[in-house]
Amino acid sequence: MTTLGLPAAPRRAPRPRRPGRLILLGLLALLLLAAAAAAAPWLAPWDPEEMDVIGVMGPPSAAHPFGSDVMGRDVLSRVLFALRASLLVSTSAVLLSLLVAIPLGLVAGYFGRWVDGAISRALDMILVLPAMLLAITFIAILGPGSTVAALAIAVIYLPILARVMRTGALVVTRNDYVLGARARGASHLRVLLTHVLPNALGPVIVQASILAAFALQLEAGLSFLGLGVQPPTPSLGSMLADGRDVLTQAPWVEIFPGLAIVAAVLAFTVLGEGLRQAFDPEGVAE
Amino acid sequence: MADLLRVEGLRKTFTLGGPPWARRRVVALDGVSLALGLGRTLGLVGESGSGKSTLGRCILGLTTPDEGSVTFDGTEVASLRGRALLDFRRRVQPVFQDPWGSLDPRWTVGRSVREALDCFRIGTSADRDRRVLDLFRRVGLDPDLAGRRPTRLSGGQRQRVAIAAALASGPELIVADEPVSALDMSVQAQILNLFMDLRRDLGVASVFVTHDLGVVKHVSDEVAVMFRGRLVETGEVEEVMDRPRHDYTRALLAANPALHVLPAPRSP
């Protein structure tokens, strides 16, 4: 209404988006993939390492729904087992990274001054190195394998997650309730655990779920180069590498592991985006 | 009479960040001395940036001065460690300016009030629950509000919660840093009256930091005027108000039309 000739009241801010749906969708997709991966030994129609010389590069059929690869191995079974390795490496990498990044960022942001300076500069040194290069250096030193790949990815993500945690802790620490808690006799540890961490964790969780998507791609990249999961254990990255040579004759060898990567990355991203809208509308984690 | 609080020659300088060649140093406190007796209220006035809040934090033991000392009940605060520091904290409590920032948004307000009881390990768990409800009643809040989060309360209600939280440990001194300046005028009067009731009933001494001389006149026994990190005038409230000796105090008094407004009637 424009009584008194005044302009109409400004429209209210747009209705909040519905992050719940995205979170649910991402979580559902992820659970589905994780369940399929976890149940691989029972779901897989064939042994993923069993070769069949007669059925080499067979197209999708009733017996082999995703076809078979260069060595006659069942692609569906291999994708299921590979998904298992990929999800395991990417999630454990992110969890491992969180385990170190949360305390470091929390302490840096809360205490500030030289503590922050020391931790932040040390983390910057990791950050200046390109991710893939760092991972390959790690593998060159420790040798290839899924554990080393997870470790390398965890190190790469350490500065990113620690920075998000630090920023959150820095902002929360400025609140009077933190100072007040000190005056009420709370120890630094108690203040960190009961006030700072819960109020600053949101953006870190968001960042972690987004990074899990990248971790999956990074792991696939390493395996593609033969630096991640070692044969004969199937991995999505190494399956892509195998399928590349026969792309024109047997595209299914390439397509299905590719689709599995897309599905897993998409699930993590959708979950991360939903969480971001819910916990971090300001975009601290970006 | 022995003083509850003595501040002597307090000096504090802050270095603002930036590249080393462009750092600015700000002198927040420049040789501040004052004393406060048991159960007395000191109004600490001055414009923003005059060092009032820093002085408040030094008294609370939350900021360490560069020079000088804060002595509470005969013991120097800076020398306190462990149990003795905890005991000091129990006896000296803060109330902050912004009731939106002084309560953890994730905690129920009851838990915020209970925090001091938990940290200082006062009473059994059941005692603490009971004490929280008593404190809510003491500051004029419905104990049913204890289960709510601060976002569901008004500014005045939050400030009452903050005061209840400060009272929980049974302090002898409360350092209130601009406790009413973030509130509406009508709510300000209610909170000021609450402070005066508490002083009368509990005998709590307080340092009341404010930029509003009207507030000082309303609540304090003594007044200390700060200007650029120094105390330019101290004395009994009537004395300073009626016969200001320093030019800055005169300027403050002249600039304050609110002094001509009568305080709101006291709530029952």
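Those protein sequences? They're chains A and B, same order as listed.
Each residue of the first sequence is one higher than the one before, counting from 1 in full-length UniProt numbering.
Each residue of the second sequence is one higher than the one before, counting from 1 in full-length UniProt numbering.
Positions of the beta carbon are idealized from the N, C-alpha and C atoms, including for glycine.
These numbers come from a predicted model, not from an experiment.
Bounding residues of the alpha helix (DSSP H) (the contiguous stretch that carries residue 190 of chain B): As a working note, residue 190 of chain B is residue 190 in the second sequence. Residues 185-202.
Count the other C-beta atoms from every protein chain shown that fall within 10 angstroms of the C-beta of residue 274 of chain A, then say buried if there are 16 or more, exposed otherwise. Numbered from 1 along the first sequence, position 274 holds the residue referred to as residue 274 of chain A. Under this definition residue 274 of chain A is a buried residue.
Which residues in chain B have a C-beta closer than 7 Å to the C-beta of residue 176 of chain A? List them in chain order. Taking the first sequence and counting its residues from 1, the one referred to as residue 176 of chain A is at position 176. Result: 96, 98, 101, 102.
Whose Cβ in chain B lies nearer than 7 Å to the Cβ of residue 179 of chain A? Start at 1 with the first residue of the first sequence, and residue 179 of chain A comes out as number 179. In chain order: 62.
Which value, in whole angstroms, describes the spacing of the CA atoms of residue 148 of chain A and residue 154 of chain A? Residue 148 of chain A sits at position 148 when you count from the first residue of the first sequence. Residue 154 of chain A sits at position 154 when you count from the first residue of the first sequence. Approximately 10 Å between the Cα atoms of the pair.
Please find out if some non-hydrogen atom of the ligand PLP comes closer than 7 Å to the beta-carbon of residue 241 of chain A. Questions concerning the ligand PLP fall outside what the structure shown contains, since it holds no ligand whatsoever.
Between residue 188 of chain A and chain B, is the shortest Cβ-Cβ distance under 8 Å, so that the two count as touching? As a first step, residue 188 of chain A must be located in the first sequence, where it is residue number 188. Not closer than 8 Å to any Cβ of chain B, the Cβ of residue 188 of chain A fails to qualify, so no.
Between residue 260 of chain A and residue 79 of chain A, which are expected to be in contact by the criterion C-beta below 8 Å, what is the C-beta distance as a whole number of angstroms? Translated into the one-based positions of the first sequence, residue 260 of chain A becomes position 260. Translated into the one-based positions of the first sequence, residue 79 of chain A becomes position 79. About 5 Å; that satisfies the 8 Å criterion.
Give me the Cβ distance between residue 96 of chain B and residue 162 of chain B, rounded to the nearest whole Å; I'm assuming they're in contact under 8 Å. Start at 1 with the first residue of the second sequence, and residue 96 of chain B comes out as number 96. Start at 1 with the first residue of the second sequence, and residue 162 of chain B comes out as number 162. Contact flag correct, Cβ pair sits at about 7 Å.
Does DSSP put residue 80 of chain B in a helix, in a strand, or in coil? Taking the second sequence and counting its residues from 1, the one referred to as residue 80 of chain B is at position 80. In the structure shown, residue 80 of chain B sits in coil (DSSP, three-state: anything other than H, G, I, E or B).
Would you decide whether residue 17 of chain B is buried or exposed? Buried here means 16 or more other CB atoms lie within 10 Å of its CB. Working through the second sequence from its first residue, we reach residue 17 of chain B at position 17. Residue 17 of chain B is exposed by the Cβ-count criterion.
Using a beta-carbon distance cut-off of less than 9 Å, what residues from the segment 193-222 of chain A approach chain B? 194, 195, 198, 199
Proximity below 8 Å, CB of residue 87 of chain A to CB of residue 144 of chain A: The residue labelled residue 87 of chain A in the question sits at position 87 within the first sequence. The residue labelled residue 144 of chain A in the question sits at position 144 within the first sequence. Taking 8 Å as the Cβ cut-off, residue 87 of chain A and residue 144 of chain A do not qualify as a contacting pair.
Measure the C-alpha to C-alpha separation of residue 244 of chain B and residue 224 of chain B and round it to an integer number of angstroms. Within the second sequence, the letter at position 244 stands for residue 244 of chain B. Within the second sequence, the letter at position 224 stands for residue 224 of chain B. Distance between the alpha carbons of residue 244 of chain B and residue 224 of chain B is about 11 Å.
Is residue 236 of chain B near residue 246 of chain B, with beta carbons less than 8 Å apart? Counted from its first residue, the second sequence places residue 236 of chain B at position 236. Counted from its first residue, the second sequence places residue 246 of chain B at position 246. Not in contact: residue 236 of chain B and residue 246 of chain B (Cβ atoms no closer than 8 Å).
Against chain A, does residue 119 of chain B count as a neighbour if the rule is that its beta carbon must be under 8 Å from one of theirs? Numbered from 1 along the second sequence, position 119 holds the residue referred to as residue 119 of chain B. At least one chain A Cβ lies under 8 Å of residue 119 of chain B.
Would residue 185 of chain A count as contacting chain B if we go by Cβ distances under 8 Å? Walking along the first sequence from the start, residue 185 of chain A turns up at place 185. Yes, residue 185 of chain A lies at the interface with chain B (some Cβ there is under 8 Å from its Cβ).
Which residues does DSSP list as the beta-bridge partners of residue 74 of chain A? Sequence index remark: in the first sequence, residue 74 of chain A carries index 74 (1-based). Note: residue 74 of chain A sits in a beta bridge opposite A:68.
Drop a sphere of 10 angstroms on the beta-carbon of residue 28 of chain A, count the other beta-carbons inside from all chains shown, and report buried for 16 or more, exposed for fewer. By 1-based counting over the first sequence, the position of residue 28 of chain A is 28. So residue 28 of chain A counts as exposed.
Could you round the C-beta distance between residue 135 of chain A and residue 211 of chain A to whole angstroms and report it? I think they count as a contact, below 8 Å. Against the first sequence, residue 135 of chain A aligns to sequence position 135. Against the first sequence, residue 211 of chain A aligns to sequence position 211. Not quite, the Cβ-Cβ distance comes to about 14 Å (not below 8 Å), so this is no contact.
Are residue 56 of chain A and residue 70 of chain A touching if we call contact CB-CB under 8 Å? By one-based count along the first sequence, residue 56 of chain A stands at place 56. By one-based count along the first sequence, residue 70 of chain A stands at place 70. In this structure, residue 70 of chain A lies closer than 8 Å to residue 56 of chain A by Cβ.
Determine the DSSP secondary structure at residue 96 of chain B, reduced to helix, strand or coil. Mapped onto the second sequence, residue 96 of chain B falls at position 96. Of the three classes helix, strand and coil, the one that applies to residue 96 of chain B here is coil, per DSSP.
Sufficient close CB pairs (3 or more, under 8 Å) joining the segment 188-201 of chain A to the segment 90-101 of chain A: no
Suppose contacts are defined by Cβ-Cβ distances below 8 Å. Is residue 108 of chain B in contact with residue 156 of chain B by that definition? Position 108 of the second sequence holds residue 108 of chain B. Position 156 of the second sequence holds residue 156 of chain B. No, these two residues do not count as a Cβ contact at 8 Å.
First and last residue of the alpha helix (DSSP H) that includes residue 145 of chain A? Position 145 of the first sequence, counted from the start, is the residue given in the question as residue 145 of chain A. Where residue 145 of chain A is concerned, there is no enclosing alpha helix (DSSP H), given that its DSSP letter is neither H nor E.
Any beta carbon from chain B within less than 8 Å of residue 113 of chain A's own beta carbon? Residue 113 of chain A sits at position 113 when you count from the first residue of the first sequence. It does not: the Cβ of residue 113 of chain A has no partner Cβ on chain B nearer than 8 Å.
In terms of DSSP beta bridges, what is residue 222 of chain B paired with? What you label residue 222 of chain B is simply residue 222 of the second sequence in a count that begins at 1. Answer is B:42, B:236.
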